[in-house]
Amino acid sequence: MIALSSTAAAQGVRIGMRSASVHGIAPQVMLQPRDLLREQRSFDAVALALMQYTPEIAAIDHQSLVLDVSASLSLFGGYRRLSRCIYSSVQTLGFSLALGMAPTAQAAWLFAQDCAQQRKHRRTQYQASNPSNHQTSNHQASNHQASNHQALNPSNHQASTHQPSTHHFLQRRVIKLGAMRRRLDGLSFTCLPEAVHHQEWLEGIGCRTLADIRRLPRSGLKRRTHTRLLEALDRAYGEAPELFEWLQAPASFQATIELPYRIDQAPMLLFAAQHLLAQMSGWLAARQQAVRCFLLWLVHEKGRASVTPTALEVMLSEPSCEEAYLLRLLKERFGQLQLVAPVIALRLEASQLSAWLAPSGQLFASPASKVQDYHRLLELLVARLGADALRLPAPCADHRPEQANQWQVAHQASAVEQAEMPTAARPFWLLEQPLPLMVRQHRPFYGSSLRLLSGPERIEAGWWDGALALRDYFVAQGEEGACYWIYRERDASSARWFLHGLFA
Amino acid sequence: MNVSTPTVTAATLSPPLLQPLSSFLPLHAHVWRAGQMGLARAHVTATGHAALDRELPNQGWPHGGLIELLLQQSGIGELRLLQPALHALGEQRIALLQPPHVPHIAAWSDWGLSPQRLLWIRTQRQADALWSAEQVLRNGSCGALLFWQQTLRHESLRRLQLAAQASDTLCWLLRPLSATDSASPASLRIALRPLAGGVQLEILKRRGPPCASPIDVFWCGRDAHAAAAKHSTNEVSDALLDRRHPDPITVTGPVPAVV
């Protein structure tokens, strides 16, 4: 037993037990075999998602990440906001974390370790005192199916000391070197894995905290334990340099998530898509790229009833790397999507990229930001209504009004050449199909008999493309005063009147 | 003693209470007396028609509020009425949501407006149309939204009004005249009826006293068809029509006196 949920802990299951004894204590407990590959994949996903906060991120062991955030503190508005951002990013991916922050990476890691230990301790105590109320804390463990990947300790490493802070949000976030040393002195030495090997001996000579160990003579300690213990202590107190091999973002982005159960309703896929988008935004930030087009593959059931994966292509008019915005677009797309078969996995690919241009800050809203907003509006509308719903004018140089009045689909918007517009009066509403008019007392009739005000304007065009128009246009007025644009066909044997437009 | 005290205080307090409220209280901008014109909360765009401006709070179309135009039928000069305001918006985009017919680009550019400012949104369902209206208002990149809708539930109207209040976009809702009878949360409601060479406006609701008489707005300029109509009713001569091709109508029957 490596990790367990709080419900299991309430029934007396403890870490380190064998599976047989677990079954003996609580037969209804479900055991999941540890999947190291999946663990590693999840860990990589977290690392990738956190790349949006700093490019300097390194893995200390298989469950701890260290981030150098000295350059990110002011960008993200201080350490508290940054911590909150990191918390929410990791929670989006479905993991819990313990966070520590200090001027040295080793100290930050120790704080995080301490945090995780105390949390574990607190949880078992709480469960012991109130075993009925386990529903509330159940979600603290990860949402992820493989629950053996429990405590993730991304810790923050801050190399330079600035920004003096008087009060600490949690005592595990320290900015100043002096405060960090005082705080380290009070930590239990069990946080340090190098010291745990010699736990009995150290406890035997009366050591409890790191300060107690540091008070011992160095040479004797080195002889009796290991040099690594001293090295770790020196690194934590800032007396020895620290070196890291920073993680590199892969050259192309592709992420997959396997769903815990089959999903047959598209909107329910959103939470899984959010995991993938969080990773993508981290990757985009690390590569200084913005995405123009991305593909979301919905993988259906395999085996006998296999269905080819559905591809959902999201094309952006302007490259973007904002997670919230991309999620909103996907939400609208999912709202319209009908699934052909239940989905078991999602795969996200960034197919078209372009260099990310940092927005230049301005005091007042500039026309450029309005243009960007407008593009976003178009995309959002297209995502829900479909590409066909939005039309932009694309006037065409033609004498026939129905030919000249062309509207193009918004996402194909190309540079439209300025067509020469007629100077005669034109109505604002054009009927899609000209409406044949009755003739009463030799006058065209539409609601009331119409009186011709001006005209004729003779339009004769289209002999070349088969849609010949031989028309005399008039502006006519009904008895109530509304003006109409009507025409008379000239090629017919008898006069035929049509209503073609309304003067709005 | 107990009886006399209240009578004394009433006697001393009654004269100022009887005075009009305005004599000692400056009114808040959101509060106005029934007899005077209210002040719009947000800024306005002038309508371009002096007669109409005089009758509107702050003399113009209010931004940040739903404006309801109730039309007897479409094509009675409703856009001609809005044209000066659309002109005043500069280069801002204008969204046409669910227009009743195809908008004619030539007419638009004829008014001196750039066609590139137009965005035509067509939706299949009413829920989509309302959602689009809300998105346009919330986004704020469009200067004006023109929304045609036949029937609307009161909750949808209220929601639209709240969305319009939160944004700076001019929002016109164009509905048929039959909606006059139903209540509406819109801050300004105007009924439009056709008129020869103009449009007759009846302000049904505004932040101010009821409008006594309808306002007649006449177009002036080149496409004032009414001016032509007043001068001659029989301007179109048959000779002009039959200049190139003999009109077949002459064969089938006598030439009408008035075409």
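Protein sequence lines, in the order shown, are assigned to chains A and B.
Just so it is clear: in the first sequence, position 403 is 403 by the working numbering, and no numbers are missing.
Just so it is clear: in the second sequence, position 180 is 684 by the working numbering, and no numbers are missing.
For each residue, glycine too, the CB sits at the ideal point set by N, CA and C.
The C-alpha of Ala648(B) is placed about 4 Å away from the C-alpha of Leu674(B).
In this chain, Tyr53(A) is not harboured by any beta strand (DSSP E), its DSSP state being neither H nor E.
When secondary structure is reduced to three states using DSSP, His591(B) falls in the helix class. Contact residues of the segment 659-673 of chain B toward chain A are absent (C-beta to C-beta distance below 9 Å). For the segment 617-664 of chain B, the full-length alpha helix (DSSP H) segments reaching 4 residues or more read 630-643 along the chain. Residue state for Cys321(A) is assigned as coil, using DSSP reduced to three classes. Using a CB distance cut-off of 8 Å, Trp635(B) counts as an interface residue toward chain A. With respect to Phe294(A), Ser354(A) sits apart: the two C-beta atoms are not nearer than 8 Å. DSSP, read as helix, strand or coil, puts Met315(A) in strand. The Cβ atoms of Ala255(A) and Phe334(A) do not sit closer than 8 Å to each other.
When the beta-carbon positions are compared, Ile719(B) and Leu390(A) stay at least 8 Å from each other. For Gly644(B), the nearest beta carbon of chain A is closer than 8 Å to its own beta carbon.
The Cβ atoms of Met17(A) and Met30(A) lie no closer than 8 Å to each other. Contacts between Ala631(B) and chain A, judged by CB atoms closer than 9 Å, are missing: the closest CB pair is about 10 Å apart. Between the alpha carbons of Arg629(B) and Pro604(B) lies a gap of roughly 14 Å. Around the Cβ of Glu200(A), a 10 Å sphere holds fewer than 16 other Cβ atoms; the residue is exposed. Straight-line spacing of the CA atoms in Ile486(A) and Gln654(B) works out to 26 Å. Legend: CB atoms of the segment 372-388 of chain A lying less than 9 Å from CB atoms of chain B belong to residues Gln372, Asp373, Tyr374, His375, Arg376, Leu377, Leu378, Leu380, Leu381, Arg384, Leu385, Gly386 and Asp388.
If you draw a straight line from the Cα of Arg426(A) to the Cα of Thr92(A), it is about 56 Å long. DSSP places Asp185(A) outside any beta strand (DSSP E); the residue lies instead in the alpha helix (DSSP H), whose first and last residues are Leu177 to Asp185. A check of alpha carbon separations from Val409(A) across Trp429(A), Cys396(A), Val382(A) and Arg400(A) identifies Val382(A) as the nearest.
For Lys120(A), no Cβ of chain B is located within less than 8 Å of the residue's own Cβ. Arg182(A) counts as exposed, since fewer than 16 other C-beta atoms from the protein chains shown sit within 10 angstroms of its C-beta. With fewer than three CB-CB distances shorter than 8 Å, the segment 593-610 of chain B does not count as touching the segment 681-699 of chain B. Counting every other CB atom within 10 Å of its CB across the protein chains shown gives Cys483(A) a total of 16 or more, marking it as buried. Here Ala610(B) is buried, its C-beta having at least 16 other C-beta atoms within 10 Å. For the segment 422-444 of chain A, the set of positions with a beta-carbon nearer than 9 Å to some beta-carbon of chain B reads Pro422, Thr423, Ala424, Ala425, Arg426, Pro427, Phe428, Trp429, Leu430, Leu431, Glu432, Gln441, His442, Arg443 and Pro444 in chain order. For Gly712(B), DSSP records no beta bridge to any residue. Per the C-alpha coordinates, the member of Leu327(A), Glu318(A) and Ala311(A) positioned closest to Ala272(A) is Leu327(A).
Taking each of Ala345(A), Pro342(A) and Trp283(A) in turn and checking the Cα distance to Ser320(A), the smallest one comes out for Trp283(A). For Gly702(B), DSSP records a beta bridge to Leu699(B) and Phe722(B). Annotation: Leu276(A) to Glu313(A) spans about 15 Å, alpha carbon to alpha carbon. Looking at the backbone, the Cα of Gly701(B) and that of Pro456(A) are separated by about 19 Å. In this model, Leu656(B) and Ala690(B) are separated by some 13 Å (Cα to Cα). Under the DSSP assignment, Gly94(A) falls outside any alpha helix (DSSP H); it carries neither an H nor an E label.
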